[in-house]
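Number of protein chains: 2
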Amino acid sequence: MNLLRNDALEGAQARRRAQIPDATVARLPLYLRALSELADRGVTTCSSEHVATAAGVSSANVRKDLSHLGSYGTRGVGYDVHQLRDRIAETIGQTQNWKVIIVGAGHLGSALAAYQGFGTRGITIAAVVDEDPALVGSTLGPNTIESVDNLAALVKEHNILIGIIATPPAGAQPVADQLVAAGVTSILNFAPTLVHVPDGVDVRQVDVAVELQILAYHEQRKASSADSGGDE
Amino acid sequence: MNLLRNDALEGAQARRRAQIPDATVARLPLYLRALSELADRGVTTCSSEHVATAAGVSSANVRKDLSHLGSYGTRGVGYDVHQLRDRIAETIGQTQNWKVIIVGAGHLGSALAAYQGFGTRGITIAAVVDEDPALVGSTLGPNTIESVDNLAALVKEHNILIGIIATPPAGAQPVADQLVAAGVTSILNFAPTLVHVPDGVDVRQVDVAVELQILAYHEQRKASSADSGGDE
DNA sequence: AGGAGTTAGAGAACCCGTTCACAAAATCGT
DNA sequence: ACGATTTTGTGAACGGGTTCTCTAACTCCT
Numbered sequence: 001m002n003l004l005r006n007d008a009l010e011g012a013q014a015r016r017r018a019q020i021p022d023a024t025v026a027r028l029p030l031y032l033r034a035l036s037e038l039a040d041r042g043v044t045t046c047s048s049e050h051v052a053t054a055a056g057v058s059s060a061n062v063r064k065d066l067s068h069l070g071s072y073g074t075r076g077v078g079y080d081v082h083q084l085r086d087r088i089a090e091t092i093g094q095t096q097n098w099k100v101i102i103v104g105a106g107h108l109g110s111a112l113a114a115y116q117g118f119g120t121r122g123i124t125i126a127a128v129v130d131e132d133p134a135l136v137g138s139t140l141g142p143n144t145i146e147s148v149d150n151l152a153a154l155v156k157e158h159n160i161l162i163g164i165i166a167t168p169p170a171g172a173q174p175v176a177d178q179l180v181a182a183g184v185t186s187i188l189n190f191a192p193t194l195v196h197v198p199d200g201v202d203v204r205q206v207d208v209a210v211e212l213q214i215l216a217y218h219e220q221r222k223a224s225s226a227d228s229g230g231d232e
Numbered sequence: 233m234n235l236l237r238n239d240a241l242e243g244a245q246a247r248r249r250a251q252i253p254d255a256t257v258a259r260l261p262l263y264l265r266a267l268s269e270l271a272d273r274g275v276t277t278c279s280s281e282h283v284a285t286a287a288g289v290s291s292a293n294v295r296k297d298l299s300h301l302g303s304y305g306t307r308g309v310g311y312d313v314h315q316l317r318d319r320i321a322e323t324i325g326q327t328q329n330w331k332v333i334i335v336g337a338g339h340l341g342s343a344l345a346a347y348q349g350f351g352t353r354g355i356t357i358a359a360v361v362d363e364d365p366a367l368v369g370s371t372l373g374p375n376t377i378e379s380v381d382n383l384a385a386l387v388k389e390h391n392i393l394i395g396i397i398a399t400p401p402a403g404a405q406p407v408a409d410q411l412v413a414a415g416v417t418s419i420l421n422f423a424p425t426l427v428h429v430p431d432g433v434d435v436r437q438v439d440v441a442v443e444l445q446i447l448a449y450h451e452q453r454k455a456s457s458a459d460s461g462g463d464e
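Here the protein sequences come in this chain order: A and B.
Anchor point for the first sequence: position 22 equals 22 in the numbering used here, and the numbering is continuous, going up by one each time.
Heads up, the numbering used here is the position in the second sequence plus 232, with the first residue counted as 1.
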């Protein structure tokens, strides 16, 4: 892991290929969004402080993050908005359009399919499938709901690498297996269940109830510290 | 911060009031879910290893987390499923029912309002509001969509402390301001925008596009490491 | 031209969280 | 009764990430 592969060779290339820390990767889309807004407003130059306030992080954090992608700002001036935006877009792969398949066309699947704003972030809903025959055939924005039986065929046809699971919990694991078997290597799972996947497949979990439970915990703390003399 | 306030006094009380690390808090709902499933299956005892595999973390991590809430397992045996479940439920405040308001009854708001599975986690959708007069009055499961003008009244009437923003980006900040003004102190924001709130108000951000962008980054890495001789 | 002010970039210090390793406490079998 | 085995709880080591601090480089004003 820490092996130093002839990095005297060339800094830029090494940087390009270097692993960017997860925490940084998670923030790059935020910076990208902020920079796009600045660009739309005609701003041509910005400081790390600008980006920081727009993204809700510290300016030091922004600079450290940007240093990972070897981006060149100019000292005393700041960053060129367009250049930095393009650099980040390139880094996180927004130069290409990623096709995703949504499995499950219930309320959540429909909401995701209808979501405006994937387009501007390099994401296209290429297919929506459901196991309910009653839903197959109905349209969802630009998409037509297809049978889950066609999952593998659709994934291959459209070269889909990313799948979204929007099924009830019980369906999540079988669906994940099907997605992986069809060639999907990244999964965004909205079902409140842990899905097991082979090595090399990434899974990200979004659980709304968990988010609310976390908020509830903090609410409870606020309440209890309020009536017995706040301990903070 | 590191001040030791007469902690010889009593360990349990001190523990109860002690700050539980954020990372732990985020995992407690997962443990709770796992334990509830075990309890439903009639399992009465479990090891940290059980919980760990069910929640997708390491057993050491589980033990460390549980140690923060002073939970008593028995060495050589494990944890009592019911007792541990109750202890966690109590810790994260699931003994009471938290009422939430959903602002924005578009696709996403509707999906959230229809979501089964809040109920079992101590969460109730007490109100759904939207600014579109055309939507006001229609029913969404057990709820009727009301005008956003009633936001403050509803929050107060139901003693709501948690708000969910499911509006387009432009509406997020004004809505957040209204929620805060009405007395809400925790916000779950689905709009892809940073919302500013006063101290004491918690905000959690859920951005589906960002999640997909993170996956896309990793996909890109997989692809590039595949064709130029994997560097990992 | 030179000084004052601004800002990126990088190294160091610090903090938080995870993993490791082990001792203490329980059960079970003999 | 006692040793073997299991499993918790915890202190220590480790690693990643954030913040701090300082230097270098650029602009603007005089």
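We put the beta carbon where it would ideally sit given N, CA and C, even for glycine.
As the structure is a prediction and not an experimental result, all values here were calculated from the model.
Under 8 Å, Cβ to Cβ, is there at least one residue of chain B near residue i?
| i | result |
| --- | --- |
| V210(A) | yes |
| A14(A) | Confidence in A14(A) is poor, its pLDDT being 45 and thus under 50, which makes the residue's placement too unreliable to answer from. |
| K222(A) | yes |
| S36(A) | no |
| V25(A) | yes |
| P174(A) | no |
| I123(A) | yes |
| P21(A) | no |
| P198(A) | no |
| P142(A) | no |
Hey, quick one: how far does the alpha helix (DSSP H) through residue i stretch, first residue to last?
| i | result |
| --- | --- |
| S186(A) | No alpha helix (DSSP H) holds S186(A); the beta strand (DSSP E) holding it covers S186 to N189. |
| V407(B) | P401 to A414 |
| Q315(B) | V313 to T323 |
If you follow the beta strand (DSSP E) that residue i is in, where does it begin and where does it stop?
| i | result |
| --- | --- |
| T356(B) | I355 to D362 |
| N375(B) | N375 to S379 |
| D434(B) | D434 to Q437 |
| V197(A) | Taken as a continuous stretch (DSSP letters only), V197(A) belongs to no beta strand (DSSP E), as it is neither H nor E. |
| G395(B) | I394 to I397 |
So that I know if they touch, is there some Cβ in chain A lying closer than 8 Å to that of residue i?
| i | result |
| --- | --- |
| P365(B) | no |
| H339(B) | yes |
| L318(B) | Per the sequence shown, the amino acid found at residue 318(B) is Asp instead of Leu. D318(B) does not count as touching chain A. |
| R273(B) | no |
| G310(B) | no |
| R295(B) | no |
| R265(B) | yes |
| I377(B) | no |
Can you tell which of the options has its C-alpha closest to the C-alpha of residue i?
| i | options | result |
| --- | --- | --- |
| E281(B) | H314(B), L298(B) and V435(B) | L298(B) |
| L161(A) | Q96(A), L112(A) and E146(A) | Q96(A) |
| I377(B) | P365(B), V361(B) and E389(B) | V361(B) |
| N421(B) | R265(B), I334(B), G349(B) and Q326(B) | I334(B) |
| V368(B) | I357(B), A398(B), G336(B) and A384(B) | G336(B) |
| G341(B) | T356(B), T352(B) and A398(B) | A398(B) |
| S418(B) | T53(A), R87(A), A223(A) and S138(A) | A223(A) |
| D364(B) | T352(B), T356(B), N382(B) and Y347(B) | N382(B) |
| E322(B) | T371(B), S303(B) and A286(B) | S303(B) |
| V195(A) | G171(A), P21(A) and E211(A) | G171(A) |
| G308(B) | D318(B), C278(B), A286(B) and G288(B) | C278(B) |
| H158(A) | V62(A), I125(A) and S58(A) | I125(A) |
Identify the contact partners of residue i in chain A, using a Cβ-Cβ distance below 7 Å as the criterion.
| i | result |
| --- | --- |
| V332(B) | L212 |
| H450(B) | S186 and D202 |
| L344(B) | V208 |
| L393(B) | E219 |
What does residue i touch in chain A if you count any residue whose Cβ is under 9 Å from its own?
| i | result |
| --- | --- |
| Y347(B) | H107, L108, V208 and A209 |
Taking C-beta pairs closer than 7 Å, name the residues in chain B that residue i reaches, listed in chain order.
| i | result |
| --- | --- |
| L179(A) | Under the 7 Å cutoff, chain B gives no residues; its nearest Cβ is about 12 Å from L179(A). |
Which chain B residues are close to residue i, counting only those with a beta carbon under 9 Å from its beta carbon?
| i | result |
| --- | --- |
| I92(A) | Q445, I446, A448, Y449 and Q452 |
| A55(A) | L426 |
Using 7 Å as the cut-off, classify the Cβ of residue i as near or not near the heavy atoms of the ligand HEM, replying yes or no.
| i | result |
| --- | --- |
| L69(A) | Inclusion of the ligand HEM in the displayed structure is not the case, the ligand content being empty and no account of it being possible. |
Segment contact flag, the segment 196-215 of chain A with the segment 318-332 of chain B, C-beta cutoff 8 Å, min 3 pairs: Yes, since at least three Cβ pairs between the segment 196-215 of chain A and the segment 318-332 of chain B fall closer than 8 Å, the two stretches touch.
contact_flag[the segment 401-410 of chain B, the segment 346-355 of chain B] where n(CB pairs < 8 Å) is 3 or more: Here the segment 401-410 of chain B makes no contact with the segment 346-355 of chain B; the two share fewer than three CB pairs at distances below 8 Å.
Three or more C-beta pairs below 8 Å linking the segment 78-94 of chain A and the segment 305-324 of chain B: The segment 78-94 of chain A makes no contact with the segment 305-324 of chain B; the number of CB pairs closer than 8 Å stays below 3.
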